[in-house]
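Enquirer: Provided herewith is a single structure, encoded as structure tokens, for subsequent inquiry.
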Amino acid sequence: MKISPCSQLSFANQIVSDRKVKDVFFSQINQLIDWKPLARLIKQVYTKGSSSTGRPSYEGILLFKIELLRTWYGLSDPEVEEQIKDRLSFM
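First residue of the sequence shown? That's 10 in the numbering used here, and the numbers climb one at a time after it.
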């Protein structure tokens with residue numbers, strides 16, 4: 010059964026697009042910080058695992074950004090994990 014794409018926005022699409030406008034803080038951070046040099050620096054010291062077993066490891070820059078969120082919002086490790094799962098602005 011083929012599902013044809015719908016050109017009309019769904020309720021969820023509208024909520025997400027409205028939410029993006031309100032996330033000015035993260036937009037400003039992305040304008041202020043050039044992530045590419047940081048990613049290169051992190052890559053030099055963070056060895057991403059390449060094991061064929063287990064879950065794939067995360068990129069070092071992603072882990073760094075998560076640490077920034079944890080620090081800025083005063084979250085514990087479990088709290089930041091929950092917020093990442095729950096908040097669109099953290100994605």
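Heads up, the beta-carbon is just placed ideally off N, CA and C, and yes, glycines get one too.
1) For Lys52, which residues in the same chain have their Cβ closer than 7 Å to its Cβ, ignoring the five residues on either side in sequence?
2) With DSSP collapsed to three states, give me the class of Asp43.
3) Within 10 Å of its beta-carbon, does Val89 have 16 or more other beta-carbons around it, so buried, or fewer, so exposed?
4) Going by DSSP, what residue range makes up the alpha helix (DSSP H) through Thr80?
5) Can you list, in chain order, the residues of its chain with a C-beta nearer than 8 Å to that of Phe73? Leave out the 5 residues immediately preceding and following it.
6) Please classify Tyr82 as buried or exposed, where buried requires at least 16 other C-beta atoms within 10 Å of its C-beta.
7) Taking the alpha-carbon of Arg49 as reference, which of Phe35, Leu71, Gln37 has the nearest alpha-carbon?
Expert: The structure says:
1) For the purposes of this step, residue 52 is taken as the residue at position 43 of the sequence shown. Taking Lys52 as the centre and dropping the five residues before and after it, the same chain places the C-beta of Gly69 closer than 7 Å to its C-beta, in chain order.
2) As a position in the sequence shown, residue 43 is number 34, starting the count at 1. In this structure, DSSP gives Asp43 a state outside helix and strand, which the three-state scheme calls coil.
3) Position 80 of the sequence shown holds residue 89. Answer is buried; the Cβ neighbour count reaches 16.
4) Stepping through the sequence shown from its first residue, residue 80 is reached at position 71. Taken as a continuous stretch (DSSP letters only), the alpha helix (DSSP H) holding Thr80 covers 69-81.
5) The count along the sequence shown starts at 1 and reaches residue 73 at position 64. Answer for Phe73: Leu47, Ile51, listed in chain order.
6) Along the sequence shown, one-based indexing puts residue 82 at 73. Looking at its Cβ environment, which holds fewer than 16 other Cβ atoms inside 10 Å, Tyr82 is exposed.
7) In the sequence shown, residue 49 corresponds to position 40, counting from 1. For the residues Phe35, Leu71, Gln37, the minimum Cα distance to Arg49 belongs to Leu71.
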